[in-house]
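Accompanying notes for the structure given below.
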Amino acid sequence: MPKKTIRQADQSVNGLFRTLRADPRALPRARPLYRRLVELLEGGIAAGAVAQGVRLPPERDMAAALRVSRATVVSAYRELESRGLVRGYVGRGTYVSAKPDAGSAPFAWRGKMASNALLATDTTVRDLMRAAANPDVMSLAAGVPALDCFPTAAFQRAVDRVLTREPQTAWRHGPTEGLPRVRATLAARFGGEPGHILLLAGAQQGLDLLARCLIDPGDAVVMDRPGYLGAIQTFRSAGARLVGWDINRADIDELEELLLRYRPKLIYTNPTYQNPTGVVLPIRLRRELLDLAARYRVPIVEDDTYRELGLAGVAPPSLFKLDEAHKVVIRINSFSKMLAPGLRLGWISAVGPIVDQLAIIKQQVDPHTQNLSQLVVSELVEQGVFDAHLVTLKAEHRRRRDAMVHAVRQHVPAGALRFTVPDGGMYLWCQLGAHVQARAVHEHALRDRVVVVTGEPFYVDQGGAHHVRVCYTSQAPERAAHAAQVLARSLASAARGTAESPRVRLV
Ligand SMILES: Cc1ncc(COP(=O)(O)O)c(C=O)c1O
């Protein structure tokens, strides 16, 4: 809570306290006595007079002020705590944790939640998922590949083959690390050792497991600035102190300074067709980054989810591949961008001790990744269907990128939306005019049922207020003109400041 609010809230509870001290008869008439105190405080909390986060007066002081026994106050505080409205911390006091629940529950659910759970407040990813699944809107927000290219017939045939050949493997439990055949297939196609691969329900699960495995509250994490918003959320929820490394400048001396100054627990980077900027770290910088990480003994988490989505030339080898000597890199991959995000299939490659510990943590939340999708996707890779699909997918992505770039250049006035045409990945990372707020653009576009994502969630600190990210791969080329026209209108409205605060929400 901001300091000012805390002060105001403190005043509110002190005011309440003063009134009671002056006239204990101000207590409501309910019986027994402790219930009167419960009612009074509950009313104050419901009305917002006693705000969330406020410390209630110590039991002894409250009892003395009201001229009631301490046991009465203890009973009242306990009752409020069981209702989820306050929470007592040994040695620190009793704090208001939630308002009474308007629903029918006998207690306030929010007040029952663990303090750690309440750290997760950013709903951006959920909002993106929701918009992407809504047929009434054109979502340029979530990162979705050209799903029309998905090899549906081959997938169906692979499902049939798997279920005919090995139904038992599909339906019984599997190893937490992943099915041995699948790990071998992934290692053969993407590198790494089969025994050092952990299958995941998507790359996001890998980030969560890594945060649980490596981060203690207060640990620093150095990461791309701007960088992948899902990683920011996950590391932040784990209590990490996030430090941004400017990925456009990609200055190794600057990174060294950050390592010296913050002594981070890990470096997180997405160096190939980076989300959101599309940047590709050149090989020289990759080597310098590895040397630095080895010298300062800092693990690198390399998010390699876009590697196969290059549209021009060949991307430099992954940090994971280059790191033969030191073994400081943990690599995350996913089929979400290469096949379909709905599959929820990804994997981590790392050294043995890390994979072991990650598997132990994973079994607590997800005993193993779904066998059927592992087997079917593995079959597609083994049969060469996957690589043929990538060729089709990239050709379609190129068409979609070019259509979007062309449409934006045609419909949006020069300078209103500046971006570098990316050589791969899925996004145009667009810089707006200095006085144009991304949030206003977002809200105006929403009125036309087009969703873009604003820049702020990609920054670990201030930043992104004048950026929007546009996913060009999710829409057929024919739809690019409409998207660009809506963007042009939204930019113009936002620039005029005619943001009649549309406040549109799509649910
Ligand atoms: C860089 C990056 N990492 C991880 C993910 C999450 O991918 P998944 O769908 O496999 O969880 C994304 C999704 O947008 C991403 O852009």
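Those letters in the sequence shown? Residues 8 to 514, by our numbering. Using N, Cα and C, we set each Cβ at its ideal position, and we do this for glycine too.
Report the option in the options whose CA atom is closest to the CA atom of residue i.
i       : options                               : result
Arg-304 : Glu-463, Leu-326 and Ile-274          : Ile-274
Asp-223 : Gly-209, Thr-241 and Gly-213          : Thr-241
Gln-390 : Asp-310, Glu-331 and Pro-158          : Pro-158
Gly-55  : Leu-400, Val-103, Glu-86 and Thr-480  : Val-103
Gln-211 : Leu-288, Arg-188 and Asp-311          : Asp-311
Val-97  : Leu-87, Ser-82 and Pro-65             : Pro-65
Arg-561 : Arg-232, Arg-172 and Lys-272          : Absent from the structure is residue 561, since the part of the chain shown begins at 8 and ends at 514.
Val-358 : Ala-332, Leu-350, Leu-379 and Arg-454 : Ala-332
Pro-107 : Tyr-269, Val-45, His-473 and Arg-137  : Val-45
Val-189 : Gly-198, Gln-175, Arg-179 and Leu-206 : Leu-206
Trp-354 : Thr-192, Glu-386, Gln-469 and Arg-408 : Thr-192
His-442 : Gln-417, Val-392, Gly-471 and Arg-196 : Gly-471
Ala-41  : Ala-410, Ala-70, Ala-53 and Pro-174   : Here residue 41 turns out to be Tyr, not Ala, going by the sequence shown. For the residues Ala-410, Ala-70, Ala-53 and Pro-174, the minimum Cα distance to Tyr-41 belongs to Ala-70.
Val-398 : Cys-156, Arg-302, His-473 and Pro-278 : Cys-156
Lys-344 : Arg-164, Ala-153 and Val-477          : Ala-153
Gly-60  : Thr-128, Ala-105 and Ser-356          : Ala-105
Ala-245 : Leu-214, Leu-267 and Glu-264          : Leu-214
Gly-422 : Ala-447, Pro-429 and His-473          : His-473
Arg-196 : Ala-124, Arg-243, Pro-289 and Val-384 : Val-384
Ala-109 : Thr-79, Ile-52 and Gly-100            : Ile-52
Arg-219 : Gly-462, Thr-276, His-489 and Ile-368 : Ile-368
Val-80  : Arg-43, Pro-113, Ala-112 and Ala-502  : Arg-43
For residue i, which of helix, strand or coil comes out of DSSP?
i       : result
Ala-127 : coil
Lys-10  : Residue placement at Lys-10 is flagged as unreliable, the pLDDT there being 41, under the threshold of 50; a coordinate-derived value is accordingly withheld.
Ser-89  : helix
Ala-322 : coil
Glu-264 : helix
Ala-499 : helix
Thr-505 : Summary for Thr-505: the model assigns pLDDT 49, below 50, so the residue's position carries little reliability; its value from the coordinates is reported in the next sentence. Of the three classes helix, strand and coil, the one that applies to Thr-505 here is coil, per DSSP.
Ala-16  : With a pLDDT of 43 at Ala-16, under the threshold of 50, the modelled position of that residue is not reliable, and no figure is offered here.
Ala-54  : helix
Arg-137 : helix
Met-145 : strand
Asp-455 : coil
Gln-438 : strand
Val-514 : Its pLDDT being 38, under 50, Val-514 is placed unreliably in this model, and the coordinates cannot settle the point.
Met-69  : helix
Leu-170 : helix
Gln-249 : Here residue 249 is Leu; the residue named in the question, Gln, does not match the sequence. Three-state result, Leu-249: strand.
Tyr-313 : coil
Tyr-84  : helix
Leu-273 : strand
Ile-290 : helix
Thr-159 : helix
His-489 : helix
Asn-179 : Reading the sequence as shown, one finds Arg at residue 179 and not Asn. DSSP places Arg-179 in coil when its eight states are reduced to three.
Val-132 : helix
Leu-494 : helix
Val-477 : strand
Thr-101 : strand
Tyr-41  : helix
Arg-62  : strand
Ile-259 : helix
Thr-279 : coil
Assuming residue i and residue j are in contact, meaning their beta carbons sit under 8 Å apart, how far apart are those beta carbons, in whole angstroms?
i       : j       : result
Gly-234 : Ile-259 : Wrong, their Cβ atoms sit about 17 Å apart, outside the cutoff.
Tyr-84  : Val-75  : Their Cβ separation, rounded to whole angstroms, is 12 Å, which puts Tyr-84 and Val-75 out of contact at 8 Å.
Glu-295 : Val-336 : Contact doesn't hold; Cβ gap of about 14 Å is too wide.
Ala-208 : Pro-201 : The Cβ separation is near 19 Å, so there is no contact.
Leu-236 : Phe-465 : 5 Å
Leu-326 : Ile-307 : 6 Å
Glu-386 : Ala-160 : Actually they are not in contact, since the Cβ atoms of Glu-386 and Ala-160 sit about 13 Å apart, beyond 8 Å.
Ser-356 : Ile-204 : 5 Å
Pro-484 : Ala-410 : 4 Å
Quiz item: Would you call the region 428-440 and the region 279-288 touching, i.e. three or more CB-CB distances under 8 Å?
Solution: Segments in contact, yes.
Quiz prompt | Inter-stretch contact at 8 Å, needing at least 3 Cβ pairs: the region 248-260 / the region 225-236 | solution = Enough Cβ pairs lie closer than 8 Å, so yes.
Self-check item: Any alpha helix (DSSP H) of 4 or more consecutive residues that is wholly inside the region 346-431
Solution: List check, alpha helix (DSSP H) in window: 359-372, 378-389 and 392-418.
Quiz item: How do the region 165-183 and the region 374-387 stand: do at least 3 beta-carbon pairs fall below 8 Å, yes or no?
Solution: yes
Practice problem: Mind the definition here: the region 350-364 touches the region 114-131 only if three or more C-beta pairs lie below 8 Å; say whether that holds. | Solution: no
Quiz item: Do the region 400-412 and the region 317-328 make contact, defined as three or more Cβ pairs closer than 8 Å?
Solution: yes
Exercise. Report the residue ranges of all beta strand (DSSP E) runs contained in full by the region 194-244; include only those spanning at least 3 residues, in chain order.
Key: You should have 204-207 and 227-232.
Quiz item: Using 8 Å as the threshold, is the region 132-145 in touch with the region 450-468, meaning 3 or more CB pairs across them?
Solution: Result yes; three or more Cβ-Cβ pairs closer than 8 Å.
Practice problem: Would you be able to state if there are at least three C-beta pairs under 8 Å between the region 411-421 and the region 266-280? | Solution: Below 8 Å, too few C-beta pairs join the region 266-280 and the region 411-421 to call them touching: fewer than three.
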